[in-house]
Amino acid sequence: MRKPTTTKIFILGAGASRASDSSMPVMRDFFQGLESCGDQFKVLSEFLKTHFEFVPGLPAMPNIETVFCYLENRLEAIGHDSEKYAVLLQVRAQLTNFISRRLRYGEERSKLPQLQRLVEVANHRSFVTFNWDVLLEEALEPHGSYYFARQHFVLSGGRGWELGEDVTKGFLLKLHGSINWYTCLQPNCPNRGRTLRHGNASYEPTRWDIDDLGRGCDVCGQDLERALVPPIAGKRGRMPVGVLRQWTLAREALEKADEWVIIGYSMPQLDMEAESLFRACRKSSTGETPSVLIVDLDPEPVRDRFHTFLGASAEIKTMRSLDEYLEAEEGRAQQ
48 MRKPTTTKIF
58 ILGAGASRAS
68 DSSMPVMRDF
78 FQGLESCGDQ
88 FKVLSEFLKT
98 HFEFVPGLPA
108 MPNIETVFCY
118 LENRLEAIGH
128 DSEKYAVLLQ
138 VRAQLTNFIS
148 RRLRYGEERS
158 KLPQLQRLVE
168 VANHRSFVTF
178 NWDVLLEEAL
188 EPHGSYYFAR
198 QHFVLSGGRG
208 WELGEDVTKG
218 FLLKLHGSIN
228 WYTCLQPNCP
238 NRGRTLRHGN
248 ASYEPTRWDI
258 DDLGRGCDVC
268 GQDLERALVP
278 PIAGKRGRMP
288 VGVLRQWTLA
298 REALEKADEW
308 VIIGYSMPQL
318 DMEAESLFRA
328 CRKSSTGETP
338 SVLIVDLDPE
348 PVRDRFHTFL
358 GASAEIKTMR
368 SLDEYLEAEE
378 GRAQQ
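FYI, this note's numbering numbers position 139 of the sequence shown as 186, with every residue one higher than the one before it.
Here it is as structure tokens:
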């Protein structure tokens with residue numbers, strides 16, 4: 048790969064995965080197949096039936112983000128010593144395990160080369176992603192030592208600038224966590240909130256062949272849980288520490304960038320934390336508003352959302368497919 052010549056950041060949402068046909072399942076269809084899993088997700092099924100009138104097999108299924116947000120808010124409202132809190136922790140563990148199962152086994156890798164092409168086009172620039180899946184990690188594997196060593200460093204306690212490098216290059220920042228990151232959620236555990244990455248050696252690529260952790264917290268002994276964050280307002284205080292560092296570095300990277308390439312991210316109104324991030328970065332470190340390119344099947348609503356906080360005069364261009372963007376960039380590189 049060539050070294051970057053412009054200060055560009057890539058921002059990915061669920062639509063970026065869909066663009067490669069290796070997709071995060073449609074949000075409203077996410078719980079399809081839950082009933083076929085037997086008792087493995089029994090507590091989760093009962094929770095969905097009680098709070099969302101979930102009936103397996105019917106078209107009207109609850110949206111995964113709505114369910115996750117509702118669950119997190121319930122956990123926040125109930126005291127840690129309550130029996131209900133313990134049950135809700137069970138629900139959360141089963142929900143995050145189902146998310147992991149659904150994202151992996153729902154993937155079609157026949158067109159994964161699109162994401163690999165995106166990695167080549169990115170040319171070592173940093174990625175900010177709101178996705179839980181590990182499709183991008185798979186595409187990054189050929190360059191794993193460049194990206195994954197930095198990710199391990201950040202999750203284990205380091206911060207980007209301690210590497211002595213520009214955070215707009217070589218970082219994979221997952222703002223909603225990842226299905227291969229784990230944390231302890233026990234209220235009184237000193238290890239609570241610490242983020243662990245499966246495949247702890249800094250040179251290892253991420254692993255996505257694990258269904259269950261098979262290990263407990265090395266402090267309290269309780270089961271670890273996947274470090275996933277739903278798109279809810281005011282979530283910063285609930286984030287595992289390693290995930291929170293992702294947001295700190297993302298802000299620095301976005302502030303330094305003069306161009307944002309936003310692929311498949313719809314900027315949902317529910318995600319006020321993300322909106323606050325983009326608002327805070329609407330002026331780059333040079334004092335200029337970054338130019339924005341939105342790549343989305345339906346880009347106009349996303350463009351309008353970004354105009355509301357970047358300003359009406361912000362330069363926001365649109366494309367309707369990842370293929371269109373890749374072909375344009377690959378053609379430019381050959382000139």
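Just so you know, even glycine gets a beta-carbon here, dropped at the ideal spot from N, CA and C.
Being a predicted model, the structure only gives us computed values, none of them experimental.
- Under the DSSP assignment, residue 319 falls outside any beta strand (DSSP E), being part of the alpha helix (DSSP H) whose first and last residues are 319-327.
- In the structure shown, the three-state DSSP call for residue 112 is helix.
- Cβ neighbours of residue 234 within its own chain (closer than 7 Å, five residues either side excluded): 127.
- Taken through DSSP and simplified to helix, strand or coil, residue 58 comes out as strand.
- Counting only the Cα atoms, residue 163 lies some 15 Å from residue 368.
- Excluding sequence positions up to five before and after residue 305, its CB lies within less than 6 Å of the CB of 54, 331, 337, all in the same chain and listed in chain order.
- Within the model, the alpha-carbon separation for residue 228 versus residue 275 is close to 8 Å.
- Cβ contact annotation for residue 376 (same chain, cutoff 6 Å, sequence separation greater than five): 168, in chain order.
- According to DSSP, residue pairing for residue 366 in a beta bridge involves 342.
- In the DSSP assignment, residue 186 falls outside any beta strand (DSSP E) and within the unbroken alpha helix (DSSP H) covering 182-187.
- Assignment of alpha helix (DSSP H) within the segment 121-177, counting only whole runs of 4 or more residues, yields 130-152, 160-169 in chain order.
- In the three-state reduction of the DSSP assignment, residue 330 falls in the coil class.
- The Cβ atoms of residue 61 and residue 178 lie closer than 7 Å to each other.
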